[in-house]
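Protein sequences, first through last, are from chains P and A. The numbering used here numbers the first residue of the first sequence as 1 and each following residue consecutively. The numbering used here numbers the first residue of the second sequence as 1 and each following residue consecutively. Ideal placement from N, C-alpha and C gives every residue a C-beta, glycine not left out. Here is the structure we will look at.
2 protein chains.
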Amino acid sequence: MARAPGTGYEVTARLRNPVGYYWTESHGGVYPALARLVDVGWVRVKALPGPGPHDKKVYTATAAGRRALGAWAAQPPADPPPRDELVLKVSSIWASRPARAGAMLLAEADRWEAQRREYAGIVARLRAQELAPGTPTWCALQTAQRGRDFARGRRDWCRSVAAGLPTIDPLASGARTS
Amino acid sequence: MARAPGTGYEVTARLRNPVGYYWTESHGGVYPALARLVDVGWVRVKALPGPGPHDKKVYTATAAGRRALGAWAAQPPADPPPRDELVLKVSSIWASRPARAGAMLLAEADRWEAQRREYAGIVARLRAQELAPGTPTWCALQTAQRGRDFARGRRDWCRSVAAGLPTIDPLASGARTS
DNA sequence: GCTGACTATGTCATCGCTGACATAGTTGAG
DNA sequence: CTCAACTATGTCAGCGATGACATAGTCAGC
């Protein structure tokens with residue numbers, strides 16, 4: 001809302017499209033969260049007659065809200081539990097049939113290549129705009145660049161692990177090593 | 001347990017040390033999970049008298065358990081909601097004072113540099129072992145390499161964003177651009 | 001004229017995770 | 001001798017997230 005006012009629905013959509021790659025928020029969680037923000041005075045709300053049984057509500061960040069956002073963003077993140085399922089799976093693929101594991105990894109590599117291309121497109125589009133440092137769109141460029149590099153790294157890693165997988169199953173052939 | 005039998009406590013410790021960088025499991029969740037694994041027949045349990053009011057229980061993977069692990073590892077991951085707090089923060093640092101944001105980012109860069117060094121050490125140690133592809137330790141090498149590359153990318157990204165931050169606050173100076 | 005997609009707000013049961021609490025023997029350092 | 005740290009297993013309240021359910025107007029395409 002600090003970037004632009006919007007309804008809960010519209011904010012949810014924004015949270016899906018560019019933000020969705022590094023943060024998720026379920027539909028059900030948005031409306032209570034919005035109510036809390038109004039309670040603490042970080043956003044203002046204006047109700048308009050809307051479709052459905054409820055009013056349409058446009059939320060706008062207050063000055064205090066923008067200050068709070070800035071303070072939060074400059075605070076170091078609480079070191080997060082990453083929980084990367086793919087890495088966990090790779091740490092256990094010694095128990096899998098190499099052919100199946102390799103196929104999975106190459107499919108993942110393709111997924112990440114597609115993701116990389118999408119990010120690269122966003123980066124190209126934003127870079128064409130001659131952005132001043134420190135503007136919201138410049139920030140979006142930074143995150144898109146990180147997304148692109150992350151996807152590239154992941155793609156390469158998937159391919160490299162797949163390429164290193166044994167052609168003959170070491171478990172089946174009885175050559176059990178540490 | 002498929003790698004080596006162990007007690008719940010010992011498995012939790014293993015989950016902290018090399019695995020903790022890409023997966024977490026709280027102490028409270030381990031014991032119910034273990035009981036479920038016994039229920040479905042993927043691990044066997046042997047009770048021994050131990051310290052404290054409960055028996056010490058050594059868990060061992062069954063053949064069915066190893067098969068299930070292999071099948072799970074070769075299955076593509078359910079595309080995960082990544083939830084990267086640092087990236088989310090960077091997408092909002094336009095609302096922060098650049099000096100504060102820059103300090104935070106450089107501190108994060110140092111954290112990731114430390115992490116990178118730790119991973120690099122693990123990689124070096126494992127690489128010295130002449131690992132056969134497809135063994136459990138080879139898998140550990142693959143995940144450590146990914147961890148190292150991820151940490152390096154993150155370190156560089158933090159530094160690059162910090163370097164690009166404006167020296168004069170664009171919000172305070174009134175030059176509000178898209 | 002009908003159907004499906006989109007806009008729009010909300011509730012709620014359920015589920016899994018987290019962190020604290022509870023208990024108790026062993027071992028090593030000061 | 002004492003205290004802290006480690007081994008070891010378990011329970012449980014609370015919290016937040018998820019996904020389904022509920023409702024209803026508009027608009028484009030067939």
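Where residue i meets chain P, residues with beta-carbon distance less than 9 Å
{"i": "residue 23/A", "result": "81, 82, 83, 84, 85, 87, 88, 91"}
Sub-9 Å separation of residue i and residue j beta-carbons
{"i": "residue 42/P", "j": "residue 68/P", "result": "yes"}
{"i": "residue 94/P", "j": "residue 139/A", "result": "yes"}
{"i": "residue 11/P", "j": "residue 90/P", "result": "no"}
{"i": "residue 44/A", "j": "residue 60/A", "result": "yes"}
{"i": "residue 165/A", "j": "residue 147/P", "result": "no"}
{"i": "residue 186/P", "j": "residue 75/A", "result": "In the structure displayed, chain P extends from 1 to 178; residue 186/P sits before or after that span and is not available."}
{"i": "residue 125/P", "j": "residue 155/P", "result": "no"}
{"i": "residue 57/A", "j": "residue 24/A", "result": "no"}
{"i": "residue 112/P", "j": "residue 142/A", "result": "no"}
{"i": "residue 87/A", "j": "residue 119/P", "result": "no"}
{"i": "residue 96/A", "j": "residue 70/P", "result": "yes"}
{"i": "residue 123/A", "j": "residue 144/A", "result": "yes"}
{"i": "residue 34/P", "j": "residue 65/P", "result": "no"}
{"i": "residue 186/A", "j": "residue 153/P", "result": "Outside the displayed range of chain A (1 to 178) lies residue 186/A, so it cannot be described from this structure."}
Where residue i meets chain P, residues with beta-carbon distance less than 8 Å
{"i": "residue 66/A", "result": "95"}
{"i": "residue 101/A", "result": "73, 74"}
{"i": "residue 63/A", "result": "In chain order: nothing, as chain P lies at least about 11 Å away."}
{"i": "residue 164/A", "result": "133, 138, 142"}
For residue i, the residue or residues it bridges with in DSSP
{"i": "residue 60/P", "result": "44/P"}
{"i": "residue 6/P", "result": "59/P"}
Listed by chain order, chain A residues near residue i by CB distance under 8 Å
{"i": "residue 161/P", "result": "142"}
{"i": "residue 107/P", "result": "76"}
{"i": "residue 104/P", "result": "74, 75, 76"}
Beta-carbon neighbours of residue i, restricted to chain A and to distances below 9 Å
{"i": "residue 149/P", "result": "153, 156, 157"}
{"i": "residue 5/P", "result": "Going along chain A, no residue has its Cβ under 9 Å from residue 5/P, so there is no contact; the nearest lies around 15 Å."}
{"i": "residue 70/P", "result": "92, 93, 94, 95, 96, 97, 100, 101, 171"}
Neighbouring residues, chain P, relative to residue i (Cβ below 7 Å)
{"i": "residue 146/A", "result": "87, 157"}
Residues that residue i contacts on chain A, provided the C-beta gap is smaller than 7 Å
{"i": "residue 2/P", "result": "95"}
Whole runs of the alpha helix (DSSP H) within the region 73-110 of chain P, excluding any shorter than 4 residues: 85-90
Any C-beta of chain P within less than 9 Å: which residues of the region 109-125 of chain A qualify? 111
Got a sec: which bits of the region 128-139 of chain A sit with their beta carbon under 9 Å from any beta carbon on chain P, in order along the chain? 129, 131, 132, 133, 134, 135, 136, 137, 138, 139
Hey, which unbroken runs of the beta strand (DSSP E) at 3 residues or more fall wholly within the region 139-163 of chain P? none
Against chain A: residues of the region 14-40 of chain P by CB proximity under 9 Å: 18, 19, 20, 21, 22, 23, 24
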